[in-house]
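Chemist: Per my numbering, the sequence shown runs over residues 713 to 958. Backbone N, C-alpha and C define an ideal beta-carbon position, used for all residues, glycine too. I'd like to ask you about the structure that follows.
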Amino acid sequence: MLIDSHCHLDSSDFTADREAVIARAQSAGVETMLTIGTRLDEFGRVLAIAEAHDDIWCSIGAHPHEAKDHTELAPRQLVALAAHPKVVGIGETGLDFHYDLSPRDIQEKVFRDHIEAACETGLPLIVHAREADREVARILDEKRPPAGVMHCFSSGRALAETALTLGFYISISGIVRDLPLDRLLVETDAPYLAPVPHRGKRNEPAFVAATAAAVAELKGVELQDLAETTNANFFRLFSKANAPAR
């Protein structure tokens, strides 16, 4: 069994064949998926996918790109929506200073709102960081949220060390060889960032098998061992989610 710990099944890229995408993932051994909230006004769509499938879970959040449309966001809104039994995480949130699609001060305000909600609910924080390592590390160190995950990690060692010190997990990264196995997750970020040998195609959760194989090779472990470890990591972190019934 494999887990796609971060995908966007509500994406319009999947409108025409979403159920087929999910079926292909399950056929490839991806039994559990976490589909991620990126806008509160689209959360109903995310939740509906999770409600329709026993082993698909979801998160509630506003991506830093969307922060400009969430200036009035209050942590209590996130807390209320997170009470749903299928919601297992807070985010995707964080800072993205590469594209700057939202003003940086608004990104920080919305990031802090998510952290407050994570602190109140105890749910894991799902963090996006791009070209904002120092700022993300500063805020996390200041606020000390519950353990979460640095999603699709491509930042530097300093942020990784801050995150690990705070109990965070790291999801696939260029420095994966040096990260402890008991803090690793694997993800696709589907429909984005398709891994080799699928580069250039639409990404989908079934392709997490290719990602896991690459991580296992980098770590020098058997794929089955990596799968078992990262699966255990997922359910330890997202403890509100249930493992598939055997």
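Taking 9 Å as the threshold (beta carbon to beta carbon), is Val799 in contact with chain B?
Modeler: Note that chain B does not occur in the displayed structure, where there is just one protein chain.
Chemist: Is the beta carbon of Ile715 closer than 9 Å to that of Asn943?
Modeler: In this structure, Ile715 lies closer than 9 Å to Asn943 by Cβ.
Chemist: Would you mind reading off the limits of the alpha helix (DSSP H) that contains Leu852?
Modeler: From DSSP, the alpha helix (DSSP H) with Leu852 extends over 845-855.
Chemist: How would you call Lys913, buried or exposed, if buried means at least 16 neighbouring beta carbons within 10 angstroms?
Modeler: With fewer than 16 other Cβ atoms within 10 Å, it is exposed.
Chemist: Bridge partners for Cys831 per DSSP, in chain order?
Modeler: In DSSP, Cys831 forms no bridge with anything.
Chemist: Mapping DSSP to helix, strand and coil, what is Glu929?
Modeler: Reduced to three states, the DSSP call for Glu929 is helix.
Chemist: Roughly how many whole angstroms lie between the Cα atoms of Glu899 and Glu832?
Modeler: For Glu899 and Glu832, the distance between alpha carbons rounds to 26 Å.
Chemist: Rounded to a whole number of angstroms, what is the C-alpha to C-alpha distance between Ser717 and Glu873?
Modeler: When rounded, the distance between both Cα atoms is 21 Å.
Chemist: Is it buried or exposed, Thr783, if we count other Cβ atoms within 10 angstroms and call 16 or more buried?
Modeler: Exposed is the call here.
Chemist: For Arg730, collect the residues of the same chain with a Cβ closer than 6 Å to its Cβ; drop the 5 residues on either side in sequence, then sort them by chain order.
Modeler: Cβ within range, chain order: n/a, list empty.
Chemist: Per DSSP, what are the beta-bridge partners of Cys770 in this structure?
Modeler: Its beta-bridge partners are Thr747, Val799.
Chemist: Starting from Ala732, follow the alpha helix (DSSP H) in both directions and report where the run begins and ends.
Modeler: Note, Ala732: alpha helix (DSSP H), 730-739.
Chemist: Is His826 helix, strand or coil when you go by DSSP?
Modeler: Note: His826 maps to helix in three-state DSSP.
Chemist: Counting Cβ pairs closer than 8 Å, one from the stretch 803-817 and one from the stretch 844-855, do we hit at least three?
Modeler: With the cut-off at 8 Å, the stretch 803-817 and the stretch 844-855 touch.
Chemist: Determine the burial state of Asp766: buried for a count of at least 16 other Cβ atoms within 10 Å of its Cβ, exposed for fewer.
Modeler: Looking at its Cβ environment, which holds fewer than 16 other Cβ atoms inside 10 Å, Asp766 is exposed.
Chemist: Alpha carbon to alpha carbon, how far is Phe823 from Leu935?
Modeler: Between Phe823 and Leu935, the C-alpha separation is close to 35 Å.
Chemist: With Ile715 as the anchor, note down where its alpha helix (DSSP H) starts and where it stops.
Modeler: Run containing Ile715: none in the alpha helix (DSSP H); it sits in the beta strand (DSSP E), 714-719.
Chemist: Closer than 7 Å by C-beta to Ile772: which residues in its own chain qualify, once you throw out the five before and the five after it? Chain order, please.
Modeler: Taken in chain order, the residues that qualify are Gly749, Phe755, Leu790, Leu793, Ala794, Val799, Ile802.
Chemist: What would DSSP say about His810, mapped onto helix, strand or coil?
Modeler: Reduced to three states, the DSSP call for His810 is coil.
Chemist: Could you give the first and the last residue of the continuous alpha helix (DSSP H) run that contains Ala841?
Modeler: First-last for Ala841: 837-842, but that is the beta strand (DSSP E), not the alpha helix (DSSP H).
Chemist: Look at Ala926 and Pro907 and say whether their C-beta atoms are less than 9 Å apart.
Modeler: Cβ atoms of Ala926 and Pro907: closer than 9 Å.
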